[in-house]
Structure formats: structure tokens, C-alpha cells
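Chemist: Quick one: the structure is below, and I'll ask about it shortly.
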């Protein structure tokens, strides 16, 4: 039951994601969170690292859609330089925005990777649709109160996830 919250893959930052690994898994499009995944929450625009990474993603042939629970104003401002598909006020982990993102990219849910920093929104939402989920380490420790509360529960899930990974490794 708790496995629904486990990411399929985990990295420190988006730039650590091996795009060739995603290609080999049949992934054609990426759903990206903004806050604490691509930039800290208080940063309005993508920095040079994010812009260059998105360029690499596009050059590798992936489609991209931002899916954020943030406001329309926040998402539009952030996306001005990236010019990718974007969905604001997504109500993650609701399936609706994830399905809409796949539709905007013209791909199936199974061909989609969800990349985000939160287990109970990004990972849970993607796993519910059998998308390939990638958990990134949050960029900034400075977060709103309700996210800090969720991080406590996330620590528990991540400890179970790490134990699960060790068990899987020992089976090999």
C-alpha cells in the first residue's frame, strides 16, 4: 500500500537525470514541477541551469509540460523563457492535470515521466497513472508551513523506500 508513494527513481537535481535511461524506458515526455524542483520557491524565473537543461531535454526529443499547483501568474511568468506547455493550479495529486499534460504533449500516460520534489503530490499523482516518477531532492529548506508538515510524513515514507531498495538489491 505504501508503495504507491515510492518513486521509480531518485536524484539530487534534475540535471542528474540520465535522459538516455528515460529513452530506454520508452519515455517521450516530462511533467515538471516548478517550486523546489527546478528553482527555489521564491525564484520567479528559471535560471541559466534550468534553461540549458530544458534545451538539452528538447534536443533529446522529449516533450515537456510544467504541472504546478502554483497560481496562473506564477506559472506564466516562470514559463516566459521556457515556452513549454504549462498547467497552473493543477490540484496535484489529482489525476486530471497529469492526464491533461500527457494530452497536451500528445503522448500516453505510460510514456510520461513525472519529476518533482514532493511524494504526496508529484510522485503519488504520477504513480496513480502508471507514469515513471522521479523524486528530486528539494532545492531549498525554506518552505511554507504546510509543506514542512508534509515533509515529516515524507521522511517516514522515504525511510521505508530506502529499506525497500536495500531488500531489492539483496535479492539480486
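Numbering (my numbering), first residue to last: 22 to 193. Even for Gly, the Cβ is constructed at its ideal location relative to N, Cα and C.
Could I get the ranges of all uninterrupted beta strand (DSSP E) runs contained in the region 49–96, with 3 residues as the minimum, in chain order?
Modeler: If only uninterrupted beta strand (DSSP E) runs of at least 3 residues are considered, those enclosed by the region 49–96 are 50–53 and 84–88.
Chemist: Short check: CB of residue 73 to CB of residue 50, under 7 Å?
Modeler: Within the chain shown, numbered from 1, the residue matching residue 73 stands at position 52. Within the chain shown, numbered from 1, the residue matching residue 50 stands at position 29. Not a contact, by the Cβ cut-off of 7 Å.
Chemist: Could you tell me which of 152, 94 and 171 sits nearest to residue 128, measuring between CA atoms?
Modeler: Numbered from its first residue, the chain shown carries residue 128 at position 107. Checked all of 152, 94 and 171; the closest Cα to residue 128 is 152.
Chemist: Mind reading off the beta-carbon distance from residue 121 to residue 108? Whole number of angstroms is fine, and I expect it under 8 Å.
Modeler: Position 100 of the chain shown holds residue 121. Position 87 of the chain shown holds residue 108. The Cβ separation is near 6 Å, so the contact holds.
Chemist: The beta strand (DSSP E) with residue 156 in it runs from where to where?
Modeler: Taking the chain shown and counting its residues from 1, the one referred to as residue 156 is at position 135. Its beta strand (DSSP E) spans residues 153–157.
Chemist: Looking at the ligand NAP, does it come within less than 6 Å of residue 146, judged from the CB to the closest heavy atom?
Modeler: In the structure on display, the ligand NAP does not appear, and there are no ligands present to speak of.
Chemist: Excluding five sequence neighbours on each side, which residues of the same chain lie with their C-beta closer than 7 Å to the C-beta of residue 71?
Modeler: Residue numbering aside, residue 71 sits at position 50 when the chain shown is read from its first letter. For residue 71, where only same-chain residues beyond five positions count, the Cβ hits under 7 Å are 59 and 60.
Chemist: Would DSSP call residue 174 helix, strand or coil?
Modeler: Along the chain shown, one-based indexing puts residue 174 at 153. Residue state, collapsed to three classes: helix.
Chemist: With DSSP as the reference, please indicate the residues paired to residue 106 in a beta bridge.
Modeler: Walking along the chain shown from the start, residue 106 turns up at place 85. Paired residue(s): 86.
Chemist: Mind checking which residues open and close the alpha helix (DSSP H) that includes residue 146?
Modeler: Sequence index remark: in the chain shown, residue 146 carries index 125 (1-based). First-last of the alpha helix (DSSP H) with residue 146: 145–148.
Chemist: Between the Cα of residue 106 and the Cα atoms of 169, 96 and 113, which residue gives the shortest distance?
Modeler: In the chain shown, counting from the first residue as 1, residue 106 sits at position 85. Considering only alpha carbons, the answer is 96.
Chemist: Can you tell me whether DSSP reads residue 130 as helix, strand or coil?
Modeler: Position 109 of the chain shown, counting from 1, holds the residue named residue 130. Residue 130: helix per DSSP, three-state reduction.
Chemist: Comparing the C-beta of residue 150 with each C-beta of chain C, is any distance below 7 Å?
Modeler: Among the protein chains of the structure shown there is no chain C, as only one such chain exists.
Chemist: Are residue 28 and residue 156 close, meaning C-beta to C-beta below 7 Å?
Modeler: Residue numbering aside, residue 28 sits at position 7 when the chain shown is read from its first letter. Residue numbering aside, residue 156 sits at position 135 when the chain shown is read from its first letter. Contact flag set, yes.
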